[in-house]
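Numbers given in our numbering equal positions in the sequence shown, counted from 1, plus 841. Beta carbons are placed, not taken as given, at the ideal position from N, Cα and C, and that holds for glycine. Here the structure comes first, spelled out in structure tokens, and everything after it is commentary.
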Amino acid sequence: MDMKKRVLKTIGRLLVVIITSGCIDFSVAYAQEKEIDSQIIVGSDMAGQELANLISENVDGVKVEVLEQYDSEMTLIQLKGKGNLDNILTEIESESGVEFAQVDYTMSCEKNLQEIEPEDSYFIYQWGLHNNGQLIGDYGVEGVDINVYPAWQITEGNNNVIIGVLDSGVDINHEDLQDSIYVNQNEIPNNGIDDDNNGYIDDVNGWNFFDNDNTVFSSMYEDFHGTFVAGIIAADKNNFGICGVAPNVKIMPLKFISTTEGNTSDAIKAIEYAGKMGVDIINCSWGGYDYNKALKKVMKKSNILFVCSSGNEANCTDEKEVYPTCFNINNILTVGAINNQGALESFSNYGSDVDVAAPGMNVVGTIPGNGYLFGAGTSYAAPYVTGIAALIKSVKPDSTYKEIKKAIVKHVVVEEELQGKINTSGRVDAYSSVKYVMDKYKLW
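Listed below in structure tokens is the structure:
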């Protein structure tokens, strides 16, 4: 066979390989195509319809509907059609003017509760506020608490301070919470009119972003978690039940979770709403493992301090990141859980992204229907720190999130058992944090 024929034959074989390989790749790609009916969040400063038109023109086989346009330069979009969702998101992200495109991730909270027998007062069980070595699960170590008694000599909170509970709903009629719930004075209750022109009708006590109505409490089953968190922060200081860390501040329910799960899109709306309504501190006792660019963006653009639970999987966050804990933004303060002996509790996530520790084992909180329970989890450690942040905001109302965060993280009680596990190696100290602000700004 002459050289020319050898070359032609070789080229022919190569073409067969290339064509065959192409067919295999095509069939694999085709096999991966599925029916799509998904909500996605796209970061872009384009108007919603302009963005939808761009996607429709450049992505084949999908129908695009704009569901929501956010102030934070993001758009919630419904995609329907056939294709590979990951490839579509990559294609959208490649378009000029698009910052990111992601799924509307679901985030979750956990419940870990034990019932206690009703009594006239449960303050004796609140070792996180006053640990005298009492037996709660195990005997505690005296003084291992948040040192709030001397802080209360300075302030028990100011009713002009509004704390957002971004969570499930809150039982606003609970005997220990009803006087601690935010009231929108610019809204006339139940008249069906948006009196303050903020886009929400009859938002007297906050808003239910999960159901998109003003019913911030639906049922015990749905709104257990948020009610428990609210009680740790601001249960009334009276002759029954429990006492919150900052009993005189106000709680704004920002319901985006039902039972244990909620979507990013609803969290975005809740955070934007809270910012407009003057909330400077939000408790976030939930999270997820998805790197949630949309959530990060709305948090970063706000001037709100987000106090976040580190999570309950006993993981090192340096090795397995959890969000919002591991977002590299300045206005997040992340909390791990300790027990009444001062050790990091076995379930608590830990690592360099976890700033401080607070009581999170066998703590008492409020539950719907005028009830009280013991609970465990970083979900219940975070509100102790939120309460301290509220006390600082009460003595210095113009405090920025940077000032509040600094006052807390720089004045922890360092514990040898927390070294290498908590960034500051310490548990929070309410009095030292509040006193620092009083001294620094000459507020005595």
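- D927 has its alpha-carbon roughly 22 Å from the corresponding atom of E891.
- Rounded to the nearest whole angstrom, the CA to CA distance from K1262 to K1161 is 14 Å.
- Counting only residues of its own chain and dropping the five nearest sequence neighbours on each side, I1145 has a CB closer than 8 Å to the CB of G1005, I1112, A1115, G1116, V1120, D1121, I1122, I1123, N1172 and Y1242.
- Per DSSP, the continuous alpha helix (DSSP H) segment holding N899 begins and ends at G889 to N899.
- In summary, N1203 is buried, with 16 or more beta-carbon neighbours lying within 10 Å of its beta-carbon over all protein chains present.
- Burial check for A942: the Cβ neighbour count within 10 Å reaches 16 or more, so the residue is buried.
- Out of T1100, G1218 and Y963, the CA that lies nearest to the CA of C1149 is found in G1218.
- Uninterrupted alpha helix (DSSP H) stretches at least 4 residues long and entirely within the region 905 to 932 do not occur.
- Between Y980 and M1118, the alpha-carbon positions lie close to 43 Å from each other.
- For P1200, the secondary structure class from DSSP, reduced to helix, strand or coil, is strand.
- Per the C-alpha coordinates, the member of T1166, Y1191, N972 and V989 positioned closest to V982 is N972.
- Partner residues in the beta bridge of P1094, as assigned by DSSP, are V1006.
- In this structure, L1232 sits away from T1068, with a CB-CB distance that is not shorter than 7 Å.
- A residue is called buried once 16 or more other Cβ atoms fall within 10 Å of its Cβ, and A888, having fewer, is exposed.
- S1193 and D1043 have their C-alpha atoms some 43 Å from each other.
- Remark: three or more beta-carbon pairs, one from each stretch, lie closer than 8 Å, so the region 1220 to 1237 and the region 1262 to 1281 are flagged as touching.
- For N1053 against D1037, the beta-carbon gap comes to about 18 Å, at or over 8 Å, which does not count as contact.
- Only buried fits G1047, as 16 or more other CB atoms lie within 10 angstroms of its CB.
- Judged by pairs of C-beta atoms under 8 Å, the region 1085 to 1101 does not touch the region 1133 to 1140, as fewer than three such pairs exist.
- The C-beta distance from K1234 to V1002 rounds to 5 Å, short enough to fall under 8 Å.
- As for any beta strand (DSSP E) of minimum length 3 sitting wholly inside the region 1080 to 1129, the runs are 1091 to 1096, 1102 to 1104 and 1122 to 1125, ordered along the chain.
- Closest option to I881, judged by alpha-carbon separation, among Q975, L908 and G1212: L908.
- Taking the Cβ atoms as the reference, I1073 lies roughly 12 Å from Y963, outside the contact range of under 8 Å.
- Listed in chain order, the non-local C-beta contacts of C1157 below 8 Å within the same chain comprise N1190, Y1191 and G1192, local neighbours out to five positions each way being set aside.
- For the region 1001 to 1071, the full-length beta strand (DSSP E) segments reaching 3 residues or more read 1003 to 1008 along the chain.
- Counting along the chain, no alpha helix (DSSP H) covers S885; the unbroken beta strand (DSSP E) around it starts and ends at K875 to S885.
- For T1207 against L970, the beta-carbon gap comes to about 14 Å, at or over 8 Å, which does not count as contact.
- In the three-state DSSP reduction, V1148 falls in the strand class (E or B).
- In the DSSP assignment, G1228 falls outside any beta strand (DSSP E) and lies within the alpha helix (DSSP H) extending over T1219 to V1236.
- It is roughly 35 Å from the alpha-carbon of G984 to the alpha-carbon of Y1130.
- In this structure, N988 keeps its C-beta atom at 7 Å or more from the C-beta atom of D1280.
- Residue environment analysis places N1014 among the exposed positions, since fewer than 16 neighbouring C-beta atoms fall within 10 angstroms of its C-beta.
- Under the 10 Å beta carbon count, D886 is surrounded by fewer than 16 other beta carbons and is classified as exposed.
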